[in-house]
DNA sequence: CATCTGTCCTTACTTCGTAAAGGACAGCGC
DNA sequence: GCGCTGTCCTTTACGAAGTAAGGACAGATG
């Protein structure tokens, strides 16, 4: 048996790899099982190695995860009505959240920071440019709608249940209801 | 110094006292600081005493807390349109959630159980009795709306921020926006 | 009185987050 | 070649968390 030094990891750490692994664990086994040591194992690294890339430790990790799943972007290049832009942003937000139900509670709870905050401002700007007067209020309403819809969808998917058949959170019915409610909300914003 | 046995607690434990103390801690210092030992201290009791009233430990505690803040009731005695009933349920839900921002993430994430589930069914029944065809869909939409609204309200109150001036989550502006959106949603459900 | 039952405590083990310090390695100037 | 320096990772260690197991005590019941 050759004593392998086992020092440097096969592939170096990076913030992106950390985030991916963390999301994988949280989505697969729940937030409670996302621990530094487990995350280190998944990355073939000791837990403390993570602190070099996230100096504030787990707090920073959770912040980054929340930021990651709430940061979306809609291409402003082609012209569109503010209604269509709002729809696009809402769909993008829903998709991003549904992709990672494991960190949903963070996304709904933590105040937006960093890129997520920038995305919110950009959304408001796009809606204002497209002719909507109270863009800030509209963004709040849209965010509330997306958050609530996704929360209910994930609840009904039985994601948090220990033994429930963990069917995918995305269902055709969920999407239909989402679009219906989105229409209602946007028509409500028109007045 | 007389060695006091320090045995029996001054006032015996009960599930209600446990829930109250837990909510107080979670609202005051955040979910992360709600620990069994701290909860025991607040109740003048050793941590393990709690397990006698909540055999499944912390898991059970969090379930009960989520259930507590999502269980609301609206008196069905006096007749009203389904629209008014829906409004009453939504307001009650919002109020209950805003009273305990510390456990909001649990309420939004955990699937409804026990009394919370019963309340949901009762809500659907009341709406159906008042003449609404798709009562189940309406309840889902109302829950989604309440959840999302409260989530952004609490986010904006800066509750989760470590240093932000923790102004009360309930603001006049928040209530106005809530009522506006509620009107829009209900008018959307009418079709 | 003795016994039983329900309530709470003591002890002990595992796992967690993370502070502190050190080791390996690459790139540099000499 | 040799040593310096900074980056990235490991080792070790400590306090705090959740909780399994068993003990102690009060009050009820006989």
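Chains as they are written, first to last, in the numbering used here: chain X, 1 to 191; chain A, 1001 to 1191. For every residue, glycine included, the Cβ atom is placed at its ideal position computed from N, Cα and C.
Review point. How long is the line joining the alpha carbons of residue 1207 of chain A and residue 1153 of chain A, rounded to whole angstroms?
Key: Given that chain A is displayed from residue 1001 to residue 1191, the structure contains no residue 1207 of chain A and the question cannot be resolved.
Point to revise | the region 1147-1163 of chain A: positions lying closer than 7 Å to chain X by Cβ | key: For the region 1147-1163 of chain A, which is checked against every Cβ of chain X, the residues closer than 7 Å are 1147, 1148, 1149, 1151, 1152, 1155, 1158, 1160, 1161.
Review point. Within 10 angstroms of its Cβ, does residue 191 of chain X collect 16 or more other Cβ (buried), or is it exposed?
Key: Here residue 191 of chain X refers to the residue found at position 191 of the first chain. Of the other Cβ atoms in all chains shown, fewer than 16 fall within 10 Å of the Cβ of residue 191 of chain X; this residue is therefore exposed.
**Study point:** Whole-angstrom C-beta distance between residue 155 of chain X and residue 1111 of chain A, which should lie under 8 Å
**Key:** Looking up residue 1111 of chain A in the second chain gives position 111. Looking up residue 155 of chain X in the first chain gives position 155. About 5 Å separates the beta carbon of residue 1111 of chain A from that of residue 155 of chain X, a gap short enough to meet the 8 Å contact definition.
Practice item. With 8 Å as the threshold, decide whether the Cβ of residue 1184 of chain A is near any Cβ in chain X. Key: The sequence position of residue 1184 of chain A within the second chain is 184, counting from 1. For residue 1184 of chain A, the answer is yes, since a Cβ of chain X falls inside 8 Å of its Cβ.
Review point. From the beta carbon of residue 1176 of chain A, is the nearest beta carbon of chain X less than 8 Å away?
Key: Here residue 1176 of chain A refers to the residue found at position 176 when the second chain is read from its first residue. Answer no: the Cβ-Cβ gap between residue 1176 of chain A and chain X never drops below 8 Å.
Review point. Does the beta carbon of residue 188 of chain X come closer than 8 Å to any beta carbon on chain A?
Key: For this step, residue 188 of chain X is matched to residue 188 along the first chain. Yes, because at least one Cβ of chain A sits closer than 8 Å to the Cβ of residue 188 of chain X.
Check your understanding: Just curious, the alpha helix (DSSP H) that residue 123 of chain X is in, first and last residue?
Key -> Along the first chain, read from residue 1 onward, the residue named residue 123 of chain X stands at position 123. For residue 123 of chain X, the enclosing alpha helix (DSSP H) has its first and last residue at 114-129.
Review point. Residue 1105 of chain A versus chain X: which residues are under 7 Å apart at the beta carbon?
Key: In the second chain, residue 1105 of chain A corresponds to position 105, counting from 1. Within 7 Å Cβ-Cβ: 105, 108, 109.
Check your understanding: From residue 65 of chain X to residue 90 of chain X, what does the alpha carbon distance come to, in whole angstroms?
Key -> Residue numbering aside, residue 65 of chain X sits at position 65 when the first chain is read from its first letter. Residue numbering aside, residue 90 of chain X sits at position 90 when the first chain is read from its first letter. For the pair residue 65 of chain X and residue 90 of chain X, the Cα-to-Cα distance works out to about 20 Å.
Point to revise | Interface positions of the region 117-140 of chain X facing chain A (Cβ-Cβ less than 9 Å), listed along the chain | key: Those residues of the region 117-140 of chain X that come within reach of chain A (Cβ to Cβ, closer than 9 Å) are 137, 140.
Review point. With DSSP run on the structure shown, which of helix, strand or coil describes residue 12 of chain X?
Key: Position 12 of the first chain, counted from the start, is the residue given in the question as residue 12 of chain X. Correct three-state label for residue 12 of chain X: coil.
Review point. If you measure from the beta carbon of residue 171 of chain X to each beta carbon in chain A, is any gap under 8 Å?
Key: Position 171 of the first chain, counting from 1, holds the residue named residue 171 of chain X. Answer no: the Cβ-Cβ gap between residue 171 of chain X and chain A never drops below 8 Å.
**Study point:** Of the listed residues A/1057, A/1019, A/1108, A/1063, nearest to residue 1145 of chain A (C-alpha basis)
**Key:** Here residue 1145 of chain A refers to the residue found at position 145 of the second chain. The candidate whose alpha carbon is nearest that of residue 1145 of chain A is A/1108.
**Study point:** Any C-beta of chain X under 8 Å from that of residue 1022 of chain A
**Key:** Translated into positions along the second chain, residue 1022 of chain A becomes position 22. No - not a single Cβ of chain X is within 8 Å of the one on residue 1022 of chain A.
Exercise for review: Could you have a look at residue 1002 of chain A and say whether DSSP puts it in helix, strand or coil?
Suggested key: As a first step, residue 1002 of chain A is located in the second chain; it is residue number 2 there, counting from the start. Residue confidence for residue 1002 of chain A is low, a pLDDT of 40 falling below 50, so the modelled location carries little weight; the figure read from the coordinates is stated next. Coil at residue 1002 of chain A, not helix or strand.
Exercise for review: Tell me whether residue 1076 of chain A sits in a helix, a strand or coil according to DSSP, three-state version.
Suggested key: Working through the second chain from its first residue, we reach residue 1076 of chain A at position 76. Here residue 1076 of chain A sits in coil by DSSP.
Check your understanding: How many Å lie between residue 1021 of chain A and residue 1184 of chain A at the Cα?
Key -> Walking along the second chain from the start, residue 1021 of chain A turns up at place 21. Walking along the second chain from the start, residue 1184 of chain A turns up at place 184. Counting only the Cα atoms, residue 1184 of chain A lies some 38 Å from residue 1021 of chain A.
Exercise for review: Measure the alpha-carbon distance for residue 1016 of chain A versus residue 1023 of chain A and round it to whole angstroms.
Suggested key: For the purposes of this step, residue 1016 of chain A is taken as the residue at position 16 of the second chain. For the purposes of this step, residue 1023 of chain A is taken as the residue at position 23 of the second chain. Between the alpha carbons of residue 1016 of chain A and residue 1023 of chain A lies a distance of about 11 Å.
Review point. Between residue 181 of chain X and chain A, is there a C-beta pair that is closer than 8 Å?
Key: For this step, residue 181 of chain X is matched to residue 181 along the first chain. Yes - at least one Cβ of chain A is within 8 Å of the one on residue 181 of chain X.
Check your understanding: Does residue 4 of chain X have its Cβ less than 8 Å from a Cβ in chain A?
Key -> Position 4 of the first chain, counting from 1, holds the residue named residue 4 of chain X. Only weak support is given to the placement of residue 4 of chain X: the predicted model assigns it a pLDDT of 44, under 50, and the value that follows is read from those uncertain coordinates. Judged by the 8 Å Cβ criterion, residue 4 of chain X is not in contact with chain A.
Practice item. Let me know the secondary structure DSSP gives residue 1057 of chain A once reduced to three states. Key: Here the question's residue 1057 of chain A lines up with position 57 in the second chain. In this structure, residue 1057 of chain A counts as helix in the three-state DSSP scheme.
Review point. What does a CB cutoff of less than 8 Å around residue 1073 of chain A pick up in its chain, not counting 5 residues either side in sequence?
Key: Counting from 1 along the second chain, the entry for residue 1073 of chain A is found at position 73. In its chain, beyond the 5 residues on either side, 1092, 1119, 1122 have a beta carbon closer than 8 Å to the beta carbon of residue 1073 of chain A.
Review point. Using the C-alpha atoms, what's the distance from residue 132 of chain X back to residue 1133 of chain A?
Key: Here residue 1133 of chain A is taken as the residue at index 133 of the second chain, counted from 1. Here residue 132 of chain X is taken as the residue at index 132 of the first chain, counted from 1. So the two alpha carbons sit approximately 34 Å from each other.
Exercise for review: Would you kindly work out how many angstroms separate the C-alpha atoms of residue 1056 of chain A and residue 1037 of chain A, rounded to a whole number?
Suggested key: Counted from its first residue, the second chain places residue 1056 of chain A at position 56. Counted from its first residue, the second chain places residue 1037 of chain A at position 37. CA-CA distance, residue 1056 of chain A to residue 1037 of chain A, rounds to 16 Å.
Exercise for review: Count the other C-beta atoms from every protein chain shown that fall within 10 angstroms of the C-beta of residue 1052 of chain A, then say buried if there are 16 or more, exposed otherwise.
Suggested key: Taking the first residue of the second chain as position 1, residue 1052 of chain A is located at position 52. Exposed.
Check your understanding: Secondary structure at residue 1132 of chain A, three-state DSSP: helix, strand or coil?
Key -> Within the second chain, numbered from 1, the residue matching residue 1132 of chain A stands at position 132. Under the three-state reduction of DSSP, residue 1132 of chain A is assigned to coil, being neither helix nor strand.
Practice item. Figure out for me which residue from A/1032, A/1013, A/1087 has the closest Cα to the Cα of residue 1162 of chain A. Key: Start at 1 with the first residue of the second chain, and residue 1162 of chain A comes out as number 162. With distances taken between Cα atoms, residue 1162 of chain A lies closest to A/1032.
Review point. Excluding five sequence neighbours on each side, which residues of the same chain lie with their C-beta closer than 6 Å to the C-beta of residue 1047 of chain A?
Key: Counting from 1 along the second chain, the entry for residue 1047 of chain A is found at position 47. Only 1036, 1037, 1040 meet the Cβ criterion.
Check your understanding: Which class does residue 1111 of chain A belong to by DSSP, given the choice of helix, strand or coil?
Key -> In the second chain, residue 1111 of chain A corresponds to position 111, counting from 1. Residue 1111 of chain A sits in coil when the DSSP states are folded into three classes, being neither helix nor strand.
Point to revise | Residue-chain proximity (residue 1144 of chain A, chain X), Cβ-Cβ < 8 Å | key: Position 144 of the second chain, counted from the first residue, corresponds to residue 1144 of chain A. Yes, its Cβ sits closer than 8 Å to a Cβ of chain X.
Exercise for review: Express the C-alpha separation of residue 18 of chain X and residue 135 of chain X in angstroms, rounding to a whole number.
Suggested key: Taking the first chain and counting its residues from 1, the one referred to as residue 135 of chain X is at position 135. Taking the first chain and counting its residues from 1, the one referred to as residue 18 of chain X is at position 18. Those two C-alpha atoms are separated by around 35 Å.
Check your understanding: Taking buried to mean at least 16 other C-beta atoms within 10 Å of its own C-beta, is residue 28 of chain X buried or exposed?
Key -> The count along the first chain starts at 1 and reaches residue 28 of chain X at position 28. By the 10 Å Cβ count, residue 28 of chain X comes out exposed.
Practice item. Measure the CB-CB distance between residue 1182 of chain A and residue 1151 of chain A and report whether it falls below 8 Å. Key: For this step, residue 1182 of chain A is matched to residue 182 along the second chain. For this step, residue 1151 of chain A is matched to residue 151 along the second chain. In this structure, residue 1151 of chain A does not lie closer than 8 Å to residue 1182 of chain A by Cβ.
Practice item. Go ahead and pull the three-state DSSP assignment for residue 46 of chain X. Key: Residue mapping note: residue 46 of chain X aligns to position 46 of the first chain, counting from 1. If DSSP states are grouped into helix, strand and coil, residue 46 of chain X belongs with coil.
**Study point:** Own chain, CB closer than 7 Å to residue 4 of chain X, minus 5 neighbours either side, in chain order
**Key:** The residue given as residue 4 of chain X occupies position 4 in the first chain. Residue placement at residue 4 of chain X is poorly supported in this model, since its pLDDT is 44, which falls under 50; the coordinates are not used for a value here.
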